[in-house]
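Chemist:
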Amino acid sequence: MKKITVNANTSYDILIEGGLLKQCGRLISETVKSAKCVIVTDDNVDKLYGDAAVKSLEDSGFTVSKFVVPHGEESKSHNQLISLYNFLCERDITRTDFLIALGGGVVGDLTGFCAATYLRGIDYVQIPTTLLAQVDSSVGGKTAVNIDRGKNLVGAFKQPALVITDTDTLSTLSEEIYAEGMGEVIKYGMIRSLPLFEKLSRGNSKEDLEEIIAECVSIKRSVVQNDEFDTGERMILNFGHTFAHAIERAAGYGSVPHGKAVAMGMYMITHAAEKQGKAKKGTSEQLKKCLEINSLPFEFKISHEDLYRLSVGDKKRTSDKIRVIICPEPGSCEIVPLDLREYRELIDLV
Ligand SMILES: NC(=O)c1ccc[n+]([C@@H]2O[C@H](COP(=O)([O-])OP(=O)(O)OC[C@H]3O[C@@H](n4cnc5c(N)ncnc54)[C@H](O)[C@@H]3O)[C@@H](O)[C@H]2O)c1
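Residues 29 to 378 (our numbering) are what the sequence shown spells out, left to right.
(1) Just checking my contact of Leu-319 with Ile-214 at CB under 8 Å: how many whole Å lie between their CB atoms?
(2) For Asp-164, which option in Leu-138, Asp-125, Met-210 has the closest C-alpha, if you only look at C-alpha atoms?
(3) For ligand 2, any of its heavy atoms closer than 7 Å to the Cβ of Ile-205?
(4) Does the count of Cβ pairs from the region 96-115 and the region 140-149 closer than 8 Å reach three?
(5) Regarding Val-134 and ligand 1, is the C-beta to nearest heavy atom distance less than 7 Å?
(6) With a threshold of 6 Å on Cβ separation, who are the neighbours of Gly-131 within its own chain once the five nearest residues in sequence on each side are excluded?
(7) Would you check if the distance between the CB atom of Glu-212 and the CB atom of Val-290 is smaller than 8 Å?
(8) In chain order, what residues of the same chain have a beta carbon less than 7 Å from the beta carbon of Ile-264, not counting five sequence neighbours either side?
(9) If you measure from the beta carbon of Thr-171 to each beta carbon in chain C, is any gap under 8 Å?
(10) Pick from Asn-232, Phe-257, Val-134, Glu-302: whose alpha carbon is nearest that of Ser-105?
(11) Find the nearest neighbour of Arg-123 within the set Glu-102, Tyr-152, Glu-243, Gln-108, judged by alpha-carbon distance.
(12) Going straight from the alpha carbon of Phe-328 to that of Met-296, what length do you get?
(13) Should Leu-48 and Asp-194 be called a contact, given that it needs their Cβ atoms to be closer than 8 Å?
(14) Can you check DSSP and say which residues form a bridge with Arg-351?
(15) Around the Cβ of Ile-330, are there at least 16 other Cβ atoms within 10 angstroms (buried) or fewer (exposed)?
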């Protein structure tokens, strides 16, 4: 089993291995000192893994309840949050009890935000079951729900008490959802690790999943430890995301899955940066090959005008500058502040 410790404002371990779900009761009992918990999961994940989680927890002496939401982004909502608060009250969940997020990023973000706010904060454990959640959303303590005006607009920083990553759970993911997670995995290679990028460029990621996930988690750990509250370095995790948000908006939310939009966003910005001499010649071609071998797209048809208009309001913008993440070559990245004219010039090269 791989164990990665995150030293944020609280310290916690991320345990990675196939088969850990069946041991979750014992693993949690070694960390969390409470007898009562609520599993938050979605209907898909519940059917596949709900019983195994409950059995393991009960075998270790926990009193367990389960709160199941419909799968999909719509469940990261205030309505579900309020229903969950009420459910916790009905079950007499107190400050010393804890929640478990069993599922993908949707369940993780909803549960984490509930844990950050219910009774002014209780513990929660992440058991991520999508590739995206295992390499990204379960690590680092960002939690949120969506509101009508946009995604993740209401949230909190709340680190989990423990993350249990059972790589076997990924075997039931559809190829589509697996590929989406690979978009974020490739992002880690591009921003921080040439060896990881080269490994991913050979394809066959499934043969070495535990190692790949651990490498991504280590990269995210180091970024989060340096900038837990997202005021500087953490921004590099947004490589590809400024264009991705514009692509998602142009296509209509939900039409292009986030992971695919990130894949296209990474390629498009690298291609433009290369033309400007900000990235080494050939970098975008290397990235394109890596995306293709991992069943990810690299291009999206959008006018420069729309790309500019839909991306310029991105969260990473300060009043007159937009900060973009550029990889001069695979394995390294820079945060580049551009004024709006320079940003437009970059976009015109996409
Ligand atoms: N907090 C963070 O730092 C952070 C980072 C990145 C993304 N996110 C958030 O994560 C969310 C996306 O997460 P996601 O991609 O995991 O989506 P998701 O949670 O919606 O899961 C995708 C689908 O996979 C299904 N599923 C989950 N595990 C499965 C399994 N093992 N086998 C079969 N099906 C399974 C789910 O039921 C769902 O239908 C977004 O809301 C995004 O904003 C948060």
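Just so it is clear, CB atoms sit at the ideal spot from N, CA and C, and this is done for glycine as well.
Modeler: Working from what's here:
(1) Along the sequence shown, one-based indexing puts residue 319 at 291. Along the sequence shown, one-based indexing puts residue 214 at 186. About 7 Å; that satisfies the 8 Å criterion.
(2) One-based indexing of the sequence shown puts residue 164 at position 136. Selected option, being the one with the closest Cα: Met-210.
(3) Ligand 2 is not part of the structure shown, which contains ligand 1 as its ligands.
(4) yes
(5) Stepping through the sequence shown from its first residue, residue 134 is reached at position 106. Correct: Val-134 has its Cβ closer than 7 Å to ligand 1.
(6) In the sequence shown, the residue the question calls residue 131 occupies position 103. Taken in chain order, the residues that qualify are Thr-69, Asp-70, Val-73, Thr-157.
(7) Within the sequence shown, numbered from 1, the residue matching residue 212 stands at position 184. Within the sequence shown, numbered from 1, the residue matching residue 290 stands at position 262. The answer is yes: Cβ separation under 8 Å.
(8) Here residue 264 refers to the residue found at position 236 of the sequence shown. Counting only Cβ-Cβ distances below 7 Å, and skipping sequence neighbours, we find Ile-219, Val-251, Ile-353, Cys-361, Ile-363.
(9) Absence of chain C from the displayed structure is noted, only one protein chain being present.
(10) The residue you call residue 105 lines up with position 77 of the sequence shown. Among Asn-232, Phe-257, Val-134, Glu-302, the Cα nearest to that of Ser-105 is on Val-134.
(11) Position 95 of the sequence shown, counted from the first residue, corresponds to residue 123. With distances taken between Cα atoms, Arg-123 lies closest to Tyr-152.
(12) On the sequence shown, residue 328 is found 300 positions in, with the first residue counted as 1. On the sequence shown, residue 296 is found 268 positions in, with the first residue counted as 1. Rounded to the nearest angstrom, the two C-alpha atoms are 8 Å apart.
(13) For this step, residue 48 is matched to residue 20 along the sequence shown. For this step, residue 194 is matched to residue 166 along the sequence shown. Taking 8 Å as the Cβ cut-off, Leu-48 and Asp-194 qualify as a contacting pair.
(14) The residue given as residue 351 occupies position 323 in the sequence shown. Answer is Pro-365, bridged to Arg-351.
(15) By 1-based counting over the sequence shown, the position of residue 330 is 302. The residue is buried, with at least 16 neighbouring Cβ atoms inside 10 Å.
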